[in-house]
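Undergrad:
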Amino acid sequence: MPENVIFGAGPLGLAVARRLSSLGKPVRLVNRSGKADAPPGVDVVAADVTDPAAAGQASEGASVVFHCASGPYGQWTKTLPPIMNGIIEGAAAAGARVVYGDNLYAYGPVDGPVREGLPYRPIGPTTRARAEVATTLMNAHGAGRVRATIGRASDFYGPHARQSKAGDVVFGRALAGKPAQALGNPDAPHTNTFIEDFAAGLVTLAERDEALGEVWHVPSAETITTRQFIDLVFQHLQRSPRLQVAPTFAIRLLGLVIPPMRAVSETLYQSERPWVVDHSKFARAFGGQPTPHPRAIAETISWFASQGTTRIPVRTS
């Protein structure tokens, strides 16, 4: 039986599967369809994680359950609580620990570095949903129902991360010969996390008992501005940088009628002001070196280029 079960086959779940597979560990990947672009040897099964019985069956034989599931952006108020409850029940039935791959929304707007000890100050339904399910998991740990830890990352980029702030709107458009698109203030420092570093951080947390019962920020490469990040993408493509910034008023207007844009509007503060994530707690406890942006960007470009025809020749090194 696989000792590692991953719920969610999005970019993060697939990255965790790749990481575990590279370490020679058995993996079961669980999603609704039972289909995923998983590494060879990974067992992909279908299950409804919101059904505790189904989640328990999918978790059989697991020592670790990785929670990498979310649901459609803009619908987290409805999707996140039943997903979390199902995973807690399933992991508890299997006697497995839960490693939750989370984002930073629960903190709300922050002045200064984003650290683990900050209080949760959500400002709307999307940020509140994240705060509530993280609290649910830590309460379950405190009550002895399940052993759990939370690993958080900033906006991620990398293979399969097409819908992120640095997904198709940056890499896809740059490869197509179009301007990259960004939100907020492109000259504000903004931490971006390489998806493979996020996965590596979660796997480390799964292996260390001292990680349990706490929140950790996984390692991210040096924080640079959004403009500098986009410059690195175009630099690798040997093209002059081109950037379009979406007007804030337009985002907020669209947020009045389109649920996903409402969620984007709610979290614009992350793009309008410095958003610098501190992972020193993780580094002190576990070490680990994040992938430098130039190398991570090169790997990401290679993946995006493999997904279809591009107008720009891609360097392989």
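Residues 6 to 322, numbered by the numbering used here, are exactly what the sequence shown covers, in order.
Note that beta-carbon positions come from the ideal geometry of N, C-alpha and C, so glycine has one too.
Owing to the predicted nature of the structure, the values given are computational and were not obtained by experimental measurement.
1) Under the three-state reduction of DSSP, which class applies to Val220: helix, strand or coil?
2) On the three-state DSSP scale, how would you describe Asn190?
3) What would DSSP say about Ser322, mapped onto helix, strand or coil?
4) Tell me which residues share the same chain as Ile88 and place their Cβ nearer than 7 Å to its Cβ, disregarding the 5 neighbours each side in the sequence.
5) On the premise that Gly95 lies in contact with Pro57, defined as a C-beta separation below 8 Å, what is that separation, rounded to the nearest angstrom?
6) How big is the Cα-Cα spacing for Gly292 and Pro252?
7) Hey, Phe309 and Gly106: beta-carbon distance below 9 Å or not?
8) Near Val262, what residues of its chain come up, given a Cβ to Cβ distance below 7 Å and the 5 sequence neighbours on each side ignored?
9) Among Val21, Gly61, Ala14, which has the Cα closest to the Cα of Ser38?
10) To test your reading of the DSSP string, which unbroken beta strand (DSSP E) runs of 3 or more residues are found completely within the region 16 to 70?
11) Quick one: grab the DSSP three-state call for Leu248.
12) Within this structure, are the beta carbons of Ile200 and Pro16 separated by less than 9 Å?
13) Since Ala290 contacts Glu215 with CB under 8 Å, what's their CB separation in whole angstroms?
14) Helix, strand or coil for Tyr274, going by three-state DSSP, please let me know.
15) Excluding the 5 residues flanking Ala158 on each side, which residues of the same chain have their C-beta closer than 6 Å to its C-beta?
16) Would you mind working out which of Pro297, Gly206, Pro164, Leu242 sits nearest Leu180, comparing C-alpha positions?
17) Label Thr321 either buried or exposed according to how many other C-beta atoms from any shown protein chain fall within 10 Å of its C-beta, with 16 as the threshold for buried.
18) Under a Cβ-count criterion, where at least 16 other Cβ atoms within 10 Å of its own Cβ denotes burial, should Gly275 be classed as buried or exposed?
19) To the nearest angstrom, report how far apart Pro31 and Asp192 are at their CA atoms.
20) Buried or exposed: which applies to Phe71, given that a residue is buried once 16 or more other Cβ atoms fall within 10 Å of its Cβ?
21) Can you give me the start and stop residues for the beta strand (DSSP E) that Thr198 sits inside?
22) Should Phe254 be labelled buried (16 or more other beta-carbon atoms within 10 Å of its own) or exposed?
23) Since Phe12 is in the alpha helix (DSSP H), which residue starts that stretch and which ends it?
24) Would you mind stating whether Val238 and Ala185 have Cβ atoms separated by less than 9 Å?
25) Rounded to whole angstroms, what is the Cα-Cα separation between Pro299 and Thr82?
TA: Taking the structure as given:
1) Position 215 of the sequence shown, counted from the first residue, corresponds to residue 220. Note: Val220 maps to strand in three-state DSSP.
2) Position 185 of the sequence shown, counted from the start, is the residue given in the question as residue 190. Coil.
3) Taking the sequence shown and counting its residues from 1, one reaches residue 322 at position 317. Residue placement at Ser322 cannot be trusted, given a pLDDT of 44 that sits under 50; the coordinates are not used to answer.
4) Residue numbering aside, residue 88 sits at position 83 when the sequence shown is read from its first letter. Answer for Ile88: Val54, Thr55, Ala74, Gly76, listed in chain order.
5) In the sequence shown, the residue the question calls residue 57 occupies position 52. In the sequence shown, the residue the question calls residue 95 occupies position 90. Pro57 to Gly95, Cβ: 6 Å. Contact.
6) To locate residue 292, count along the sequence shown from 1; it is residue 287. To locate residue 252, count along the sequence shown from 1; it is residue 247. Rounded to the nearest angstrom, the two C-alpha atoms are 40 Å apart.
7) In the sequence shown, residue 309 corresponds to position 304, counting from 1. In the sequence shown, residue 106 corresponds to position 101, counting from 1. Result no, Cβ atoms of Phe309 and Gly106 do not sit closer than 9 Å.
8) To locate residue 262, count along the sequence shown from 1; it is residue 257. Here the set comprises nothing.
9) Counted from its first residue, the sequence shown places residue 38 at position 33. Comparing alpha-carbon positions, the option among Val21, Gly61, Ala14 lying closest to Ser38 turns out to be Ala14.
10) 32 to 36, 48 to 51
11) To locate residue 248, count along the sequence shown from 1; it is residue 243. Note: Leu248 maps to strand in three-state DSSP.
12) By 1-based counting over the sequence shown, the position of residue 200 is 195. By 1-based counting over the sequence shown, the position of residue 16 is 11. Their beta carbons are under 9 Å apart, which means Ile200 touches Pro16 by this criterion.
13) As a first step, residue 290 is located in the sequence shown; it is residue number 285 there, counting from the start. As a first step, residue 215 is located in the sequence shown; it is residue number 210 there, counting from the start. Separation of the CB atoms of Ala290 and Glu215 is rounded to 7 Å, and the pair is thereby assigned contact status at 8 Å.
14) Here the question's residue 274 lines up with position 269 in the sequence shown. Helix at Tyr274.
15) Against the sequence shown, residue 158 aligns to sequence position 153. Taken in chain order, the residues that qualify are Thr198, Phe203, Val223.
16) Translated into the one-based positions of the sequence shown, residue 180 becomes position 175. Among Pro297, Gly206, Pro164, Leu242, the Cα nearest to that of Leu180 is on Leu242.
17) Locating residue 321 in the sequence shown gives position 316, counting from the first residue. With a pLDDT of 44 at Thr321, under the threshold of 50, the modelled position of this residue cannot be trusted; read the value that follows with caution. Exposed: under 16 other Cβ atoms inside 10 Å.
18) On the sequence shown, residue 275 is found 270 positions in, with the first residue counted as 1. Gly is not the amino acid found at residue 275; the sequence shown has Gln there. Looking at its Cβ environment, which holds 16 or more other Cβ atoms inside 10 Å, Gln275 is buried.
19) The residue you call residue 31 lines up with position 26 of the sequence shown. The residue you call residue 192 lines up with position 187 of the sequence shown. Approximately 43 Å between the Cα atoms of the pair.
20) On the sequence shown, residue 71 is found 66 positions in, with the first residue counted as 1. The Cβ neighbour count for Phe71, taken over all protein chains shown within 10 Å, is at least 16; the residue is labelled buried.
21) The residue you call residue 198 lines up with position 193 of the sequence shown. Looking at the DSSP string, the run of the beta strand (DSSP E) that includes Thr198 is 197 to 199.
22) The residue you call residue 254 lines up with position 249 of the sequence shown. Phe254 should be labelled exposed.
23) On the sequence shown, residue 12 is found 7 positions in, with the first residue counted as 1. That residue, Phe12, is in no alpha helix (DSSP H); its beta strand (DSSP E) goes 9 to 12.
24) Mapped onto the sequence shown, residue 238 falls at position 233. Mapped onto the sequence shown, residue 185 falls at position 180. Taking 9 Å as the cut-off, the beta carbon of Val238 is found closer than this to the beta carbon of Ala185.
25) Within the sequence shown, residue 299 is the residue found at index 294, counting from 1. Within the sequence shown, residue 82 is the residue found at index 77, counting from 1. Each residue's Cα considered, the two are about 36 Å apart.
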